[in-house]
Amino acid sequence: MKKIIKNLTRLHRNKALFKLKQCLFFVLIFSGVYAQIPTNTWRTHADYFNARGLEIVEKNKIYCFSKNGFFFFDKTNNQTTTLSKLDNLSETSIAQIRYSSTLKTLLIAYQTGNLDFMSVNAEGKPDGIKNLNFIKNTDAIQGSKSINQIEFKDDFAYLAADFGLVLVDVKKQEIKETYQNLGKEGKKVGIKQLTFARDSIFLNTTDGILGAKFSNNINLQFYGNWKTIIDNQLFKAPVFPKDALIVSPIEQETDTEGKTWIADSQNGLISNLQGSFKTFSPNGVKGDIFSVYSQNQKIHASGIWGNTFNDNIWQNVALNQLPQNNKTITDTYGYRWQINGQILSVADPATNRLRYYTSSNELPSIYVNSIALDRDNLLWIGTTNGVAVIITSKDIFTTSTKPYTPFYKTRRLLLQEVVNKIVVDGGNRKWIATQNGLNLFSASADEQILNFTEENSPLFSKNVIDLALDPLSGELFVLTQEGLLSYRSDASDANENFSKIKIFPNPVRPEFSGELTITGLRENTNIKITDAAGRLIHETKSNGGTAIWNLQTPQGERASTGIYMILGVSEDGSEKFVGKFVVIK
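Taking the UniProt record's numbering, the leading residue of the sequence shown gets 1, the next gets one more, and so forth.
See below:
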């Protein structure tokens with residue numbers, strides 16, 4: 001390695017090496033075509049086709065929410081922008097949205113009763129979010145807290161909810177009043193819709209239509225001031241246009257150009273903006289997802305529809321077009337491990353020998369949810385009561401080999417936790433999904449590297465149902481109870497040689513705040529990064545096929561503008577590579 005650095009230093013002194021054309025050529029060779037998200041970051045994979053509502057904001061922005069997604073379409077540049085917890089939204093499952101052009105505020109109500117006040121700029125783009133979680137957290141409201149409709153009146157928003165009517169002071173961002181038990185003789189009624197007409201306010205409730213005079217001297221909290229109304233014109237069902245795309249329309253609005261916008265629960269955001277009706281929803285999965293798995297170097301999501309993730313694009317297909325999700329694991333001895341109705345078994349296809357593992361022979365639970373074989377030929381077992389490990393061996397059928405339970409901090413690993421899935425990454429680390437979040441443990445599970453929960457991460461839900469790992473990029477697809485998202489980790493499967501090296505991003509621009517990532521490495525590749533003068537800036541080892549650098553010098557400063565060299569040597573010293581990247585500060 002010292003000899004390589006010495007030779008490179010000599011090369012650096014040749015100023016011709018720094019000609020722009022040569023530099024750009026080098027960047028193209030070693031950066032490759034790379035559209036992955038930065039290392040240690042998240043992205044969401046929502047179902048944007050299951051649209052539930054929409055709102056036109058500042059003429060040219062159409063905001064639309066689906067069962068677990070949220071986005072806006074910009075008419076000025078014909079582009080969609082997705083929004084999620086990554087953009088400081090409080091939750092995932094939106095119940096209603098409504099915009100006040102006077103207050104420049106988009107009010108977002110969630111099914112939990114949680115409220116986000118999204119400020120927008122003159123162009124209609126998000127400009128900050130503030131949260132009000134009083135309804136969600138209060139014990140004074142029992143049962144469903146979902147918001148069914150929002151209407152603005154001056155500086156106030158009126159919310160029709162499953163538990164009653166809420167008055168929100170939007171400027172102060174606080175609850176001013178709640179109106180419950182408005183039915184006959186103070187009966188509790190849910191409110192589906194509300195409207196203002198003439199001098200009154202009307203509510204479409206679970207017990208029919210109620211009306212009251214809208215005046216400062218009328219106490220709307222007293223059920224006696226609400227009268228039963230019979231009026232078929234107050235809450236008329238909308239009439240939707242006829243078109244093959246409009247299958248299950250829920251809401252529609254007309255923009256200032258007279259164009260129709262429709263939220264359809266099967267085909268997403270639909271409009272005749274460009275003539276005939278077409279869909280304007282962003283790319284994503286379609287339908288509820290029940291499982292996610294990696295097969296043939298692609299990620300597949302199975303549910304009501306089939307979905308395949310390839311080249312950073314979701315393709316929605318029929319279920320029978322997905323490859324089979326093969327859950328059988330074959331160890332180094334050719335034995336096949338599988339789960340049969342939550343019972344773990346191992347079979348020898350050559351001799352038809354079969355062995356079962358249950359709680360009676362030291363599994364922490366009789367119910368097994370997941371198995372994974374690591375790079376040390378250890379079988380990791382996720383049960384409804386934590387984790388167990390079996391040392392696979394050629395004599396598994398003739399010896400009394402029993403599982404053991406690994407320990408973390410003097411306690412059995414994830415004891416009393418329901419483990420839904422275990423996957424092993426390129427660094428032999430264990431990603432473990434539970435009903436209380438997502439964990440990353442070291443190879444032997446004696447160190448917890450990461451712990452993601454609903455509170456400290458963009459996870460849609462703390463109940464993580466399934467995991468699938470893209471072995472080439474290290475991107476982990478995480479299926480929660482509320483939907484799918486992914487996290488790009490700092491590990492990937494190792495390569496056999498250095499023929500597929502990629503450096504990302506390259507060049508590193510001033511706005512980039514993540515980590516420089518090198519992929520396509522061999523196992524435990526030694527990495528040295530030097531500046532143009534050959535001075536050592538950073539040294540590390542690859543995690544499987546990936547190595548990262550946080551772009552900080554040993555002095556803790558951001559790397560300055562310049563060209564940097566990457567020097568890689570395989571663990572056995574048999575293969576070397578040299579790469580280059582540019583930092584623009």
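Even glycine gets a Cβ: it sits at the ideal position worked out from N, Cα and C.
Asn137: not part of any beta strand (DSSP E); member of the alpha helix (DSSP H) spanning Phe134 to Asn137, first to last residue.
Bounds of the beta strand (DSSP E) holding Lys502 are Lys502 to Phe504.
Exposed is the label assigned to Phe222, since fewer than 16 other Cβ atoms lie within 10 Å of its Cβ. As for any alpha helix (DSSP H) of minimum length 4 sitting wholly inside the region 106 to 168, the runs are 134 to 137, ordered along the chain. Shortest Cα-Cα distance from Gln338 to any of Arg375, Gly382 and Leu319 involves Gly382. Counting C-beta pairs with one atom in each stretch, the region 259 to 271 and the region 62 to 70 have three or more that are closer than 8 Å, which means they touch. Beta-carbon to beta-carbon, Arg52 and Ser265 are separated by about 7 Å, close enough to satisfy the 8 Å threshold.
Counting other Cβ atoms within 10 Å of its Cβ, Pro554 stays below 16 and is therefore classed as exposed. Put simply, the backbone Cα of Lys585 is about 32 Å away from that of Met118. A Cβ-Cβ distance of about 6 Å is found for the pair Leu107 and Ile150, placing them in contact under the 8 Å criterion.
A Cβ-Cβ contact shorter than 8 Å links Val285 with Ala301. Note that the region 154 to 172 does not touch the region 124 to 131; fewer than 3 beta-carbon pairs, one per stretch, sit closer than 8 Å. Only residues of its own chain outside the window of five on either side were considered, and among them Phe70, Phe71, Phe72, Leu89 and Pro126 have a CB closer than 8 Å to the CB of Leu83, listed in chain order. DSSP places Glu185 in the helix class (H, G or I) of the three-state scheme.
In this structure Asn439 is buried. Its beta-carbon is surrounded by 16 or more other beta-carbon atoms within 10 angstroms. Contact annotation: the region 412 to 419 does not touch the region 395 to 402, with fewer than three C-beta pairs closer than 8 Å. With fewer than 16 other Cβ atoms inside 10 Å of its own Cβ, Val239 counts as exposed.
When C-alpha distances from Thr358 are compared across Ser345, Ile56, Glu91 and Ala350, the shortest belongs to Ser345. Cβ contact annotation for Thr105 (same chain, cutoff 8 Å, sequence separation greater than five): Tyr99, Phe117, Met118, Ser119, Val120 and Val170, in chain order. As computed with DSSP, Glu475 is found in a beta bridge with Arg488. Secondary structure at Asp47: coil, using DSSP grouped into helix, strand and coil. When DSSP states are grouped into helix, strand and coil, Tyr367 belongs to the coil group. Per DSSP, reduced to three states, the secondary structure at Tyr335 is coil, with no helix or strand assignment. Gln448 places its beta carbon less than 8 Å from that of Phe441. DSSP lists no bridge partner for Ile584. Following the DSSP letters along the chain, one finds Asp255 in no beta strand (DSSP E), marked with neither H nor E. In this structure, Ala468 places its C-beta atom within 8 Å of the C-beta atom of Phe477. For Glu539, the enclosing beta strand (DSSP E) starts and ends at Leu536 to Lys541. With a cut-off of 8 Å on Cβ pairs, the region 200 to 215 is not in contact with the region 254 to 261, counting fewer than three such pairs.
The region 287 to 303 and the region 320 to 336 touch, with three or more beta-carbon pairs separated by less than 8 Å. By the C-beta criterion, the region 425 to 435 is judged to be in contact with the region 483 to 502, since at least 3 inter-stretch pairs fall below 8 Å. Going by DSSP, Trp380 is part of the beta strand (DSSP E) stretching over Leu378 to Thr383. The three-state reading of DSSP puts Asp87 in helix, counting H, G and I together.
By the Cβ-count criterion, Phe407 is exposed, with fewer than 16 other Cβ atoms from all chains shown falling within 10 Å of its own Cβ. In the assembly as shown, Pro349 is an exposed residue. Its beta-carbon has fewer than 16 other beta-carbons within 10 Å. When the Cα atoms are used, His538 and Ile529 turn out to be separated by approximately 5 Å.
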